[in-house]
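Reading the sequence shown from the start, the letters are residues 34 to 349 in this note's numbering. Report on the following structure.
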Amino acid sequence: LFVFKPWVRSALCCLDARAMASALEMNNLMDASGELGDGIAEAGPDHDRRPPAPTSRSSLIRRSAAALVAGSALMLFGVSASIRGGAVARGGSGAQSFRAGGIVEESEFASEPCLCVFDIDRTLTGKQGWAGKCPDDLEKPGVQDVAYAQGTLLLSKLAQQINSTFCKACYRGIVTAGQASGEHSKERAEILKALGGVAYTRSDWWQDIGFNPKTHIRSSLVVQASDGSKQDSVVSMLAWWKADQKLTIDRERVHFFDDIATNVQAFKGTGINARQVSCKVRGPKENMPGQFPGKIGGCGGEPDEVVEDEGIHICG
């Protein structure tokens with residue numbers, strides 16, 4: 034491959050290690066066989082060596098082989114990238130397309146797919162201004178959280194340690210009544226990061242369903258889902274995972290976590306598991322309709338509350 038070798042090597046640079054090694058091995062073997070062939074062609078009966086003709090048969094064979102290796106290398110590159118990349122996530126008009134894999138190896142997910150879906154406010158977050166009362170929570174200076182009384186974002190212990198729970202092996206999503214501080218907010222970026230990024234969510238598009246439980250879900254990140262009807266969004270999300278991400282997740286392998294008891298109880302009869310969190314520290318009455326002391330969480334969820342039990346479970 035004397036003529037084509039630099040070009041072939043540049044094509045091979047993007048291959049994974051195994052594909053590159055195989056292709057380069059073929060390259061070296063053909064170099065050796067080509068030199069042997071040229072030697073035979075150059076040596077006549079009288080052993081007087083003559084320069085090979087520019088269009089000798091050995092040269093044509095070697096050039097054809099080079100083209101074959103180069104084509105195979107590019108094909109292997111495409112297949113390899115496709116395997117590593119996983120499914121392309123899609124969403125609405127505001128969605129970005131990207132390759133979902135490459136961050137988490139597929140082997141790290143459960144062999145039978147599972148899904149952990151979280152509420153945000155007082156589940157993945159604590160009450161703003163309560164950093165002193167919630168020493169395990171992490172305040173994020175400069176990141177606004179507009180939920181309830183508003184203030185600086187306070188990530189719950191659960192948000193910081195999702196990978197210490199069984200959800201480490203599961204895909205992840207959000208169904209929340211809040212807005213996560215709106216489009217392109219720093220809070221949304223922090224929450225997506227806490228979830229493990231797009232390798233776990235397969236989407237970076239936050240779908241605002243405007244409190245309509247009948248909305249067809251097209252993402253794993255759902256905001257403004259009505260309290261008491263979040264189960265409808267989770268069920269619809271499973272259809273998105275199957276149709277768009279080619280992942281069939283059985284309902285008994287889905288776990289939902291929320292700080293409000295009625296949101297958890299609403300999953301009864303769906304076949305989906307649901308558990309109330311933020312049980313140790315409950316929040317005060319917020320200045321909103323329907324609020325009362327203890328209705329919502331205080332410090333947010335904790336990792337030991339995220340267990341793989343089946344069924345519906347509320348605090349106490």
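Yeah, the Cβ is synthetic: ideal placement off N, Cα and C, and Gly gets one too. None of these values were measured; they are calculated from a predicted model.
Sort Ala210, Met270 and Asp283 by Cα distance to threonine 234 and report the nearest one.
Met270
Given a cut-off of 9 Å, decide if glycine 162 and leucine 187 are closer than it, judged by their beta-carbon atoms.
yes
Extract the residue ranges of the beta strand (DSSP E) inside the region 204 to 229, only unbroken runs of 3 or more that lie entirely within it.
204 to 208
Would DSSP call aspartate 178 helix, strand or coil?
strand
Contacts around leucine 280, its chain only, beta-carbon distance under 6 Å, and the 5 residues preceding and following it disregarded:
Pro146 and Trp274
Going by the DSSP bridge assignment, what does alanine 307 pair with across the sheet?
Phe289 and Ile345
Less than 7 Å between C-beta atoms, sequence neighbours within five positions excluded: which residues of the same chain meet that for isoleucine 293?
Asp260, Lys328 and Ile329
Rank Leu254, Gly334, Thr156 and Gly302 by C-alpha distance to the C-alpha of leucine 225 and give the top, closest one.
Leu254
On the criterion of 16 or more Cβ atoms from any shown chain inside 10 Å, does phenylalanine 325 qualify as buried, or is it exposed?
exposed
Looking only at its chain, what residues have a beta carbon closer than 8 Å to the beta carbon of asparagine 196, apart from the 5 residues adjacent to it on each side?
Gly229
On the three-state DSSP scale, how would you describe leucine 280?
coil
Going by the beta-carbon positions, is the gap between isoleucine 250 and alanine 307 smaller than 9 Å?
no
Run through DSSP, which three-state label would cysteine 332 get?
coil
Could you give the C-beta distance for lysine 173 and glutamate 223, rounded to a whole number, given that I count them as a contact under 8 Å?
6 Å
Classify alanine 76 as helix, strand or coil using the three-state DSSP reduction.
Confidence at alanine 76 is low in this model, with a pLDDT of 41, below 50, so its placement is unreliable and the value that follows should be read with caution. Coil.
Beta-carbon gap between valine 267 and phenylalanine 300 smaller than 9 Å:
yes
According to DSSP, simplified to helix, strand and coil, what is leucine 187?
strand
When you compare only the Cα positions, how much space is there between cysteine 312 and tryptophan 239?
28 Å
According to DSSP, simplified to helix, strand and coil, what is aspartate 152?
coil
Per DSSP, what kind of secondary structure is glutamine 194 in: helix, strand or coil?
coil
In or out: glutamate 343 buried (at least 16 other Cβ within 10 Å) or exposed?
exposed
Glutamine 309 burial status per 10 Å Cβ neighbour count (16 or more: buried):
buried
Closest to asparagine 296 by C-alpha separation, out of Ala258, Asp241 and Arg286, would be which residue?
Ala258
Considering only the alpha carbon of each residue, which of Lys263, Val179 and Gly184 lies closest to alanine 164?
Gly184
From the DSSP secondary-structure annotation, give me the bridge partner or partners of glutamine 240.
Val255
Taking 9 Å as the threshold (C-beta atoms), are glycine 334 and leucine 148 in contact?
no
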